[in-house]
């Protein structure tokens with residue numbers, strides 16, 4: 425029996441803003457490895473552990489055409505199912521014997537892999553990691569077993585309301601675009617994938633020109649470079665072009681209700697976002713923190729949860745992808761409170777559009793964003809991932825020190841401008857009510873057509 | 027292959043240091059126990075305050091109050107009003123939250139080291155100055171009802187879990203949902219919350235753990251200054267009903283229209299983490315060798331027989347009273363759940379008949395020992411282990427020196443633990459199924475984005 429712990433609040437993982445910034449006194453070393461890839465490294469001598477994060481850009485689920493959607497996910501679950509001369513059981517037994525943690529993760533834009541090992545077992549660990557990324561076996565019995573597992577999972581998700589609304593939301597925001605499809609694919613696509621499809625995915629996407637690496641460990645920089653090259657050596661120089669086209673979310677300002685028999689409705693509302701490389705990104709982060717991005721202190725938290733007791737959780741995010749950005753908000757509330765909650769949220773956004781935020785709010789949000797980043801760097805694995813994130817966003821190794829200045833420049837006027845960009849779609853748009861695409865799943869009263 | 031594995035292990039174990047990590051401790055005159063775990067990798071500290079009171083300590087007419095009070099602890103004190111209290115940590119970039127379990131209630135914050143004094147002042151303040159206002163209480167009740175709907179009424183898996191847990195215990199409160207049932211939350215009063223606060227929230231019923239870039243030399247004066255002034259209260263007594271012997275297996279079968287994929291779970295009564303004879307560690311090793319993709323359950327049910335899509339085991343060890351040992355299998359699409367249950371039973375029978383092997387135990391032991399080294403990368407995890415362990419009555423040595431305990435576990439102990447736990451008469455079997463079916467739907471499933479016709483607007 426699982427006895428779950430109850431938390432005072434829980435945020436949905438994918439709504440979390442992507443935190444980046446200064447503060448941990450972190451000495452980033454960079455080197456070009458003998459095989460010519462760039463490595464970012466933080467040396468942490470106090471633990472006998474090496475953690476490495478490898479990411480292939482333009483290799484995520486959204487790089488696949490509609491009939492291949494889900495191929496990246498099936499690849500993800502098959503990479504530790506045998507590689508080189510080691511069949512599935514032998515490969516996994518080796519991982520067990522060495523106590524190596526190896527994880528693969530297909531995201532929307534990227535395909536990621538992490539390795540964590542005791543330093544004393546680093547050579548064997550990196551050899552296995554390299555095998556998994558460059559010579560996966562894709563034996564028929566393993567493919568069929570993992571296909572069955574993915575199909576079982578997809579079958580379960582068909583009727584999962586959170587999954588239904590998330591799929592509906594991205595389809596609505598990015599119709600016909602890779603960003604509008606689930607990385608896990610559909611039963612129809614997953615049933616058809618062949619060994620050749622899997623091999624093609626690996627060959628065309630796990631390539632040196634897509635590779636970004638961050639590592640934390642207790643060995644010298646040159647030794648880390650040698651280890652990384654064990655992985656690089658097995659990868660082809662270049663693959664096929666799979667660049668995702670730029671996209672702007674479709675925001676229609678209407679409300680869709682998916683009738684579902686449950687007492688509490690979930691509501692997602694979407695607007696335009698601000699991309700990572702946009703000069704307004706920092707203003708958007710501050711606006712989001714003030715409006716709904718921070719638990720306990722955001723305006724929406726106070727109005728919806730503290731003052732009215734309407735919801736356990738309400739939050740917003742400026743969600744950043746490689747080739748698009750969108751604004752998304754979430755609230756879950758009793759069916760008879762859906763209309764009231766949506767009205768309140770829209771009124772709060774209208775207020776931000778009309779009046780902006782105060783200097784006090786701006787200062788508080790800035791302090792929060794600068795401070796919270798330091799706290800997120802609390803394990804070697806997370807630091808390795810952050811080293812990769814900074815590179816993927818092309819922020820430069822000095823970014824950690826520039827962060828305070830970047831947030832420091834934001835003014836209350838910037839916030840007004842960026843509010844119009846997010847909630848009206850254009851900074852020059854005439855002031856009017858917020859434009860939001862809203863989707864509800866549940867059986868809301870007085871919202872949408874009666875069930 | 028097995029022999030090679032065993033050899034590789036011997037080399038590793040000898041290199042693991044004696045204590046897994048270091049803890050400094052102190053006891054204040056008012057009974058507050060203080061523990062410090064140092065980690066100077068980053069200029070960050072975590073404060074965790076554990077109260078030895080959880081949902082299993084509630085009286086029958088006030089179920090849900092432990093968790094309710096946890097929420098009220100964010101509503102401000104007589105010295106710091108609610109919005110200020112909630113905002114101050116976030117404005118420093120800090121993170122805070124709280125959690126209620128059956129045995130403990132815990133409050134925690136992670137902040138830059140310069141804010142350590144601030145969070146200690148605030149946490150000490152709400153240990154004795156909480157200002158519960160009735161209006162805030164009633165508003166928070168609505169929030170908690172939404173939380174409950176989110177976890178249970180809206181989730182067939184949550185509702186099933188509640189029924190399943192209830193079936194495991196006839197009288198012990200571990201069978202109750204921590205949040206309380208809806209009608210119980212509805213009935214709670216402002217006075218219930220206040221009574222709970224007065225009964226349990228006092229320095230002599232708490233453990234303070236500070237972890238991160240600090241030391242006892244820095245923490246102790248601050249603890250004296252802020253916590254030391256709070257008077258000791260009358261030592262609260264826990265009354266835990268004792269579970270009678272289970273003589274008959276129990277089955278919980280739930281059909282729900284929202285479920286498309288069946289699942290099978292099994293839970294056995296098992297000793298809790300305070301038993302000192304090595305049984306909890308033997309059970310953790312047993313769970314480990316049953317789990318994972320090279321484990322017995324996955325290899326047999328998923329790889330060899332192809333009846334499962336996934337399978338695993340778990341032991342909920344760190345509890346004050348008797349815990350549970352759980353098994354679960356997700357049947358492969360189209361395979362009847364009864365077939366899966368027979369396969370699971372056969373696997374357990376085989377384990378009881380033949381016993382586990384030396385190589386399996388060594389491999390699992392190594393996994394646990396390496397995990398203890400990896401655990402040092404997460405100082406908050408260490409703080410949690412200390413706080414929870416001390417709160418259920420383990421000693422400092424028992425929470426910091428697990429490696430030695432695991433090194434001493436023998437194959438015979440693992441087999442004895444398996445015999446002790448895997449008694450079907452002391453089990454609950456749970457099935458969460460689609461309506462009016464005992465297995466997966468035979469027909470082809472609907473397209474991924476489709477909604478059943480009956481549910482369309």
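Residue numbers (my numbering), protein chains in the order written: chain R, 425 to 875; chain P, 27 to 483. No residue lacks a Cβ here, since even glycine has one placed at the ideal position from N, Cα and C.
- In this chain, residue 463 (chain R) is not harboured by any alpha helix (DSSP H); it is covered by the beta strand (DSSP E) spanning 462–467.
- Scanning R:775, R:556, R:838 and R:715 for the CA closest to the CA of residue 630 (chain R) turns up R:556.
- By the rule that beta-carbons nearer than 8 Å mark a contact, residue 173 (chain P) touches chain R.
- Counting the other CB atoms within 10 Å of its CB gives residue 87 (chain P) a total below 16, which places it among the exposed residues.
- By DSSP's assignment, residue 529 (chain R) forms a beta bridge with R:536.
- Using a Cβ-Cβ cut-off of 8 Å, residue 406 (chain P) is close to 802 of chain R, given in chain order.
- Using a Cβ-Cβ cut-off of 8 Å, residue 758 (chain R) counts as an interface residue toward chain P, since at least one Cβ of chain P sits closer than that to its own.
- According to the DSSP secondary-structure assignment, residue 64 (chain P) is paired through a beta bridge with P:238.
- Any Cβ of chain P closer than 8 Å to the Cβ of residue 809 (chain R) would place that residue at the interface, and such an atom is absent.
- Look at the beta carbons and you see the segment 271–287 of chain P touching the segment 438–456 of chain P: at least three pairs across the two are nearer than 8 Å.
- When DSSP states are grouped into helix, strand and coil, residue 269 (chain P) belongs to the coil group.
- Taking the Cα of residue 206 (chain P) as reference, the smallest distance to any Cα among P:95, P:402 and P:233 is reached at P:95.
- When the Cα atoms are used, residue 715 (chain R) and residue 406 (chain P) turn out to be separated by approximately 29 Å.
- Contact with chain P is absent for residue 497 (chain R), since none of that chain's Cβ atoms lies less than 8 Å from the residue's Cβ.
- Taking a contact to require three or more Cβ pairs closer than 8 Å, the segment 279–287 of chain P and the segment 248–267 of chain P do not qualify as touching.
- At a beta-carbon threshold of 8 Å, the residues of chain P lying near residue 798 (chain R) are 68, 69, 70, 119 and 138, ordered along the chain.
- Taking a Cβ-Cβ cut-off of 8 Å, the neighbours of residue 720 (chain R) in chain P comprise 100, 112, 113, 115, 116 and 122, given in sequence order.
- When secondary structure is reduced to three states using DSSP, residue 586 (chain R) falls in the helix class.
- Along the length of the segment 172–249 of chain P, whole beta strand (DSSP E) runs at least 3 residues long occupy 232–238, reported in chain order.
- Put simply, the CB of residue 186 (chain P) is far from chain R, with every gap to its CB atoms at 8 Å or more.
- For the C-beta of residue 472 (chain R), the chain P residues within less than 8 Å are, from N- to C-terminus, 399.
- Under the three-state reduction of DSSP output, residue 833 (chain R) falls in the coil class, being neither helix nor strand.
- Each residue's CA atom was taken as its position, placing residue 75 (chain P) and residue 139 (chain P) some 17 Å apart.
- By the neighbour-count definition (other C-beta atoms within 10 Å, threshold 16), residue 373 (chain P) is a buried residue.
- If you check each beta-carbon in the segment 728–757 of chain R against every beta-carbon of chain P, the ones closer than 9 Å belong to 729, 730, 731, 732, 733, 734, 735, 736, 737, 756 and 757.
- The beta carbon of residue 329 (chain P) sits closer than 8 Å to some beta carbon of chain R.
- By the C-beta density criterion, residue 85 (chain P) is exposed, having fewer than 16 other C-beta atoms within 10 angstroms.
- Taking a C-beta distance under 8 Å as the contact criterion, residue 528 (chain R) and residue 654 (chain R) do not qualify as a contact pair.
- Rounded to whole angstroms, the separation of the alpha carbons of residue 221 (chain P) and residue 378 (chain P) is 49 Å.
- Judged by DSSP secondary structure, residue 499 (chain R) falls within the alpha helix (DSSP H) whose first and last residues are 495–502.
- Listed as beta-bridge partners of residue 123 (chain P) by DSSP are P:134.
- Contact between residue 845 (chain R) and residue 704 (chain R) holds, with the beta-carbon distance rounding to 7 Å and staying under 8 Å.
- Across the structure, residue 700 (chain R) and residue 422 (chain P) are spaced so that their CA atoms are roughly 47 Å apart.
- Per DSSP, reduced to three states, the secondary structure at residue 99 (chain P) is coil, with no helix or strand assignment.
- According to the DSSP secondary-structure assignment, residue 404 (chain P) is paired through a beta bridge with no residue.
- Looking at the backbone, the Cα of residue 860 (chain R) and that of residue 694 (chain R) are separated by about 5 Å.
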